[in-house]
Amino acid sequence: MKLAFIKAGELEGSLRHVNALLGDLKARGVEVQEVNLNPEKVQDTVDQLTEFKPQFTLDINGTGIIVGEQDGKKMPLHDLFGFVHFSIFTEDPLLHFPNLHGLSQNRNMVALVTDIKYVDSLKLMGVENISYITPFLDFSVFPDPSAERDYDIIFLGPAIDPEIIANSVRSNLPENIFPLFMEAGEYMFRNPEVNVLTAVGFILSLFNPQFQQEFNEWKKKDETAFMRLLNDISIYASMRKRWYILNFLEGINLKVVGDFQGQLREDHENIKVESYQDLLKIYGNSYLTVMSFPQTVPTGIGFTPLEVSAMGSAGLIDYRGTLPGFLTPGEEIVTYMPLDRADIEEKVLYYLDNIQEALEIGMKAKEAVISRYRVDDRSEFVFKMMKDILSQAKSSTKEDS
């Protein structure tokens, strides 16, 4: 079997884990060739694929989809050439809608999603062949956690004052549409497990018929702006959740890690991150890591909590109904009720007073992710899928002949 991995630049951050998937596929006998996609030299990539003649191609978040034209319609190269294209979605596909939106069809594409609700986003953009794959880690990229830790507690960003986001959106959105943005964002803040498509549909139904007609006409006229609106709502809701927590976690020496925009609270400090390796070291140098699920991870675990756990830091994260299927609350991770200020404060203060318990949870979390989130069983899943597709293709060819 031949697989071409199409990448647009070097893999950074959590995307690096995909390198381990490719390595394991090679070990299983798949001939893998990496192909760099330069937007200014797309023909070079096409020439490489033509020469290599892969049965399969692979990219991350749709960034390797090359668009051609047939009968005046935009079509992806995998449909034009007849190979099967795998795309691993580590984030909500809506964030990458320019890579998918507007194609006439995607028959030969198989989307591998790390969150089951990404199915809704993909179907909105016409992708039907979808399979679920649990996030996986390349443990070779993780340094050893610090023996003596400098940080009792960190808060994981990015953290941006939601007013900054709202003001930015207001300047780029029609005035009559802006109230829907605010209402949907606040609704998602109050209902953290709601998907943005569900939220917008529900909030829209509460507006009067005239507004609904105006909104649908605007959406039909500019679908790109509509997709951008969905992303803006999700980002606003995520930052609204994080800002809510930061606003009352005063009086403790809290390190806010990553991008921060707004006014720091008293006793808080912003730690800038220079590289992915620096970020991992910060995890491994902290006893407790406070996280708030972004709205773009509706139901899954996401890569970040697993990376925090792999570095032996006890994750303190908002509870959702699916979480116990990934990590055991109270043993491998600490949970809080998303909007319950008393619960959050109580958990933070308890573990700061009992830092050894936080360390023990972090160590159990590390053992859990090492045993459950390995790349080998994920690559076995992909390898078996490739074999099945080839077998079906051969059977279909025999029937046709």
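First residue of the sequence shown: 153, per my numbering; consecutive thereafter.
Just so you know, even glycine gets a beta-carbon here, dropped at the ideal spot from N, CA and C.
Owing to the predicted nature of the structure, the values given are computational and were not obtained by experimental measurement.
Taking the runs of the alpha helix (DSSP H) that are 4 residues or longer, which of them lie wholly in the stretch 187-265? Listed in chain order, the complete alpha helix (DSSP H) runs (minimum 4 residues) inside the stretch 187-265 are 194-204, 229-233 and 249-252.
Nearest-angstrom beta carbon gap, GLN413 and ILE316 [assumed within contact, 8 Å]: The count along the sequence shown starts at 1 and reaches residue 316 at position 164. The count along the sequence shown starts at 1 and reaches residue 413 at position 261. Confirmed, about 6 Å.
Looking at the structure shown, is PRO481 part of a helix, part of a strand, or coil, going by DSSP? Taking the first residue of the sequence shown as position 1, residue 481 is located at position 329. Here PRO481 carries a strand assignment [DSSP, helix/strand/coil].
C-beta contact flag for THR202 and LEU189 at 8 Å: For this step, residue 202 is matched to residue 50 along the sequence shown. For this step, residue 189 is matched to residue 37 along the sequence shown. Taking 8 Å as the Cβ cut-off, THR202 and LEU189 do not qualify as a contacting pair.
So the alpha helix (DSSP H) TYR428 belongs to, where does it begin and stop? By 1-based counting over the sequence shown, the position of residue 428 is 276. First-last of the alpha helix (DSSP H) with TYR428: 428-436.
Enclosing alpha helix (DSSP H) for LYS159 [first to last residue]: Locating residue 159 in the sequence shown gives position 7, counting from the first residue. Under the DSSP assignment, LYS159 falls outside any alpha helix (DSSP H), being part of the beta strand (DSSP E) whose first and last residues are 154-159.
Do you know how far the Cα of VAL262 is from the Cα of LEU542? As a first step, residue 542 is located in the sequence shown; it is residue number 390 there, counting from the start. As a first step, residue 262 is located in the sequence shown; it is residue number 110 there, counting from the start. Each residue's CA atom was taken as its position, placing LEU542 and VAL262 some 14 Å apart.
Output the residue ranges of the beta strand (DSSP E) runs that lie fully inside the stretch 279-320 and measure 3 residues or longer, sorted by chain position. Within the stretch 279-320, the complete beta strand (DSSP E) runs of at least 3 residues are 282-284 and 303-308.
With DSSP as the reference, identify every bridge partner of ASN328, one or two as the case may be. For this step, residue 328 is matched to residue 176 along the sequence shown. Answer is none; ASN328 lacks a bridge partner.
Closest Cα partner of GLN185 within the set ASN171, LYS193, VAL194 and GLN195: What you label residue 185 is simply residue 33 of the sequence shown in a count that begins at 1. Of the candidates ASN171, LYS193, VAL194 and GLN195, the one whose C-alpha sits nearest the C-alpha of GLN185 is ASN171.
List the endpoints of the continuous alpha helix (DSSP H) containing THR376. Counting from one through the sequence shown, the residue named residue 376 turns up at place 224. The continuous alpha helix (DSSP H) containing THR376 extends over residues 375-400.
Which residue marks the beginning of the beta strand (DSSP E) containing PHE423, and which one marks its end? Here residue 423 refers to the residue found at position 271 when the sequence shown is read from its first residue. This sequence places Ile at residue 423; Phe is not what is there. For ILE423, the uninterrupted beta strand (DSSP E) run begins and ends at 420-423, by DSSP.
Exposed or buried, what is VAL219 when buried is set at 16 or more other beta-carbons lying within 10 Å of its beta-carbon? As a first step, residue 219 is located in the sequence shown; it is residue number 67 there, counting from the start. By the beta-carbon neighbour count (other beta carbons within 10 angstroms, threshold 16), VAL219 is exposed.
Looking at the strands, I want to know which residues DSSP matches up with ALA520. By 1-based counting over the sequence shown, the position of residue 520 is 368. According to DSSP, which records beta bridges pairwise, ALA520 is partnered with nothing at all.
Got a sec, what are the start and stop residues for the alpha helix (DSSP H) GLY467 sits in? Counted from its first residue, the sequence shown places residue 467 at position 315. DSSP places GLY467 outside any alpha helix (DSSP H); the residue lies instead in the beta strand (DSSP E), whose first and last residues are 466-470.
Straight-line Cα distance separating SER547 from PRO446: To locate residue 446, count along the sequence shown from 1; it is residue 294. To locate residue 547, count along the sequence shown from 1; it is residue 395. For PRO446 and SER547, the gap between their C-alpha atoms comes out near 44 Å.
Just reading off the beta strand (DSSP E) that PHE456 is part of, what are its end residues? Start at 1 with the first residue of the sequence shown, and residue 456 comes out as number 304. Just to set this straight, residue 456 is Thr in the shown sequence, not Phe. First-last for THR456: 455-462, but that is the alpha helix (DSSP H), not the beta strand (DSSP E).
How far does the alpha helix (DSSP H) with TYR503 in it extend, from its first residue to its last? One-based indexing of the sequence shown puts residue 503 at position 351. Residues 493-505.
Verify whether the separation of the beta carbon atoms of LYS518 and GLY464 is less than 8 Å. The sequence position of residue 518 within the sequence shown is 366, counting from 1. The sequence position of residue 464 within the sequence shown is 312, counting from 1. When the beta-carbon positions are compared, LYS518 and GLY464 come within less than 8 Å of each other.
So the alpha helix (DSSP H) TYR270 belongs to, where does it begin and stop? Indexing the sequence shown from 1 puts residue 270 at position 118. Where TYR270 is concerned, the enclosing alpha helix (DSSP H) stretches over 270-276.
Identify every residue that forms a DSSP beta bridge with VAL442. Against the sequence shown, residue 442 aligns to sequence position 290. DSSP, once it has assigned bridges, lists PHE307 and LEU468 as partnering VAL442.
Three-way DSSP call (helix, strand, coil) for LEU163 in this model: By 1-based counting over the sequence shown, the position of residue 163 is 11. LEU163: coil per DSSP, three-state reduction.
Less than 8 Å between the C-beta atoms of GLU183 and LYS205, yes or no? Taking the sequence shown and counting its residues from 1, one reaches residue 183 at position 31. Taking the sequence shown and counting its residues from 1, one reaches residue 205 at position 53. Their beta carbons are not under 8 Å apart, which means GLU183 does not touch LYS205 by this criterion.
Roughly how far, in whole angstroms, is the beta-carbon of LYS159 from the beta-carbon of ASP211, given that I think they are within contact range, below 8 Å? For this step, residue 159 is matched to residue 7 along the sequence shown. For this step, residue 211 is matched to residue 59 along the sequence shown. LYS159 to ASP211, Cβ: 7 Å. Contact.
Per-residue DSSP class, three states only, for PHE367: As a first step, residue 367 is located in the sequence shown; it is residue number 215 there, counting from the start. Correct three-state label for PHE367: helix.
Between the alpha carbons of THR209 and LEU401, how many angstroms are there, rounded? Position 57 of the sequence shown, counted from the first residue, corresponds to residue 209. Position 249 of the sequence shown, counted from the first residue, corresponds to residue 401. So the alpha carbons of these two residues sit roughly 47 Å apart.
Cβ atoms of ASN383 and LEU274: under 8 Å apart, would you say? Position 122 of the sequence shown, counted from the first residue, corresponds to residue 274. Position 231 of the sequence shown, counted from the first residue, corresponds to residue 383. Result no, Cβ atoms of LEU274 and ASN383 do not sit closer than 8 Å.
Can you name, in chain order, every residue of its own chain whose Cβ lies under 7 Å from the Cβ of PHE367, other than the five neighbours on each side? Residue mapping note: residue 367 aligns to position 215 of the sequence shown, counting from 1. Around PHE367: ILE329, LEU332 and LEU356.
LEU416 burial status per 10 Å Cβ neighbour count (16 or more: buried): By 1-based counting over the sequence shown, the position of residue 416 is 264. By the Cβ-count criterion, LEU416 is exposed, with fewer than 16 other Cβ atoms from all chains shown falling within 10 Å of its own Cβ.
Taking the alpha-carbon of GLU418 as reference, which of ASN399, ARG530, LEU432 and GLU509 has the nearest alpha-carbon? Position 266 of the sequence shown, counting from 1, holds the residue named residue 418. The shortest Cα separation from GLU418 among ASN399, ARG530, LEU432 and GLU509 belongs to ASN399.
Please list, in chain order, all residues of the same chain as VAL521 whose beta carbon is under 7 Å from its beta carbon, the five residues on each side excluded. Translated into positions along the sequence shown, residue 521 becomes position 369. If the five residues before and after VAL521 are omitted, its C-beta is found closer than 7 Å to the C-beta atoms of LEU289, LEU458, SER461 and ALA462, all from its own chain and listed in chain order.
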